[in-house]
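Chemist:
Numbering (UniProt numbering), first residue to last: 1 to 204.
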């Protein structure tokens, strides 16, 4: 929901930095991999209950996630780069809730598991929608130039980032925040199913 507004604000800066990195020979895939590595460090910081450090590392990781696309646009976007980006994004999105579950399994286990389930279902609907859209030759630039059909929703990357940062600022409220966000993710999945039913339905 917030991705469009966030993109319009930060994209020009990311594009300038991306062109600079591309000029130095840095590839988009390098940026993607470093972004995930920093995300792993954020997860380790959460397990160690270093929540402020995790907060900063999550911000850096997601900044790099936006920057890899800028580098790709400044060079030559590739199908493999798009594939790697989405796979590692999903790895990051699962990593942070898992870290909170490990940090306090008794307090965070059920809510964290519910959140991971909602991510799993939401991600499946996102990728399945993109696959069928590509099969039908559909395209969209709702979130800029992407390697696949990118559907919008109530729970997108910006909302997920804000929730992860809230987890770090208010770790004692992880369970409540996770449950509310899981509901929003399930709602996003339902809305995507409704959209798919309208867009993909074959004539009887």
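Don't be surprised by glycine CBs; every beta carbon is placed ideally from N, CA and C. Here the structure is a predicted model, which is why all the values come from computation and not from measurement.
Whether or not the stretch 67-77 and the stretch 19-28 are in contact is what I'm after, with contact meaning three or more pairs of Cβ atoms, one per stretch, closer than 8 Å; do they touch?
Modeler: The stretch 19-28 makes contact with the stretch 67-77: 3 or more CB pairs, one atom from each, lie closer than 8 Å.
Chemist: Using only alpha-carbon positions, find the residue among 109, 190, 35 and 110 that is nearest to residue 86.
Modeler: Taking each of 109, 190, 35 and 110 in turn and checking the Cα distance to residue 86, the smallest one comes out for 35.
Chemist: Counting Cβ pairs, one atom from each stretch, are 3 or more of them under 8 Å apart for the stretch 121-134 and the stretch 174-193?
Modeler: yes
Chemist: Whose CA, out of 188, 10, 17 and 179, lies closest to the CA of residue 114?
Modeler: 179
Chemist: I need the straight-line Cα distance from residue 166 to residue 79, nearest angstrom please.
Modeler: 33 Å
Chemist: Helix, strand or coil, according to DSSP, for residue 136 in the structure here?
Modeler: Note: residue 136 maps to coil in three-state DSSP.
Chemist: Measure the C-alpha to C-alpha separation of residue 53 and residue 99 and round it to an integer number of angstroms.
Modeler: If I take the Cα positions, the gap works out to 14 Å.
Chemist: State buried or exposed for residue 20, treating a residue as buried only when at least 16 other CB atoms are found within 10 Å of its CB.
Modeler: With fewer than 16 Cβ atoms within 10 Å of its Cβ, residue 20 is classed as exposed.
Chemist: Could you check the C-alpha separation between residue 76 and residue 134 for me, to the nearest Å?
Modeler: 21 Å
Chemist: Would a C-beta distance cut-off of 8 Å place residue 84 and residue 32 closer than the cut-off?
Modeler: For the pair residue 84 and residue 32, the CB atoms are nearer than the 8 Å cut-off.
Chemist: Alpha carbon to alpha carbon, what distance is there between residue 67 and residue 14?
Modeler: 6 Å
Chemist: Comparing alpha-carbon positions, which option in 125, 48 and 155 lies nearest residue 103?
Modeler: 48
Chemist: Applying the 10 Å Cβ sphere with the 16-neighbour rule, what's the burial state of residue 62?
Modeler: buried
Chemist: How many Å lie between residue 56 and residue 45 at the Cα?
Modeler: One C-alpha to the other measures close to 10 Å.
Chemist: Determine the direct distance from the alpha carbon of residue 108 to that of residue 156, and round the result to whole angstroms.
Modeler: 22 Å
Chemist: Pop quiz: residue 163 and residue 177 are said to be a contact at Cβ under 8 Å. What is the actual Cβ separation, rounded to whole angstroms?
Modeler: Residue 177 and residue 163 do touch by the CB rule: their CB atoms are close to 6 Å apart, below 8 Å.
Chemist: Residue 201: buried (16+ other C-beta within 10 angstroms of its C-beta) or exposed?
Modeler: With fewer than 16 other Cβ atoms within 10 Å, it is exposed.
Chemist: Could you give the C-beta distance for residue 42 and residue 58, rounded to a whole number, given that I count them as a contact under 8 Å?
Modeler: Yes, residue 42 and residue 58 are in contact; Cβ-Cβ is about 5 Å, under 8 Å.
Chemist: Just how far apart, CA to CA, sit residue 118 and residue 186?
Modeler: Cα to Cα, residue 118 sits roughly 6 Å from residue 186.
Chemist: Rounded to a whole number of angstroms, what is the C-alpha to C-alpha distance between residue 174 and residue 101?
Modeler: 10 Å
Chemist: Within this structure, are the beta carbons of residue 40 and residue 95 separated by less than 8 Å?
Modeler: yes
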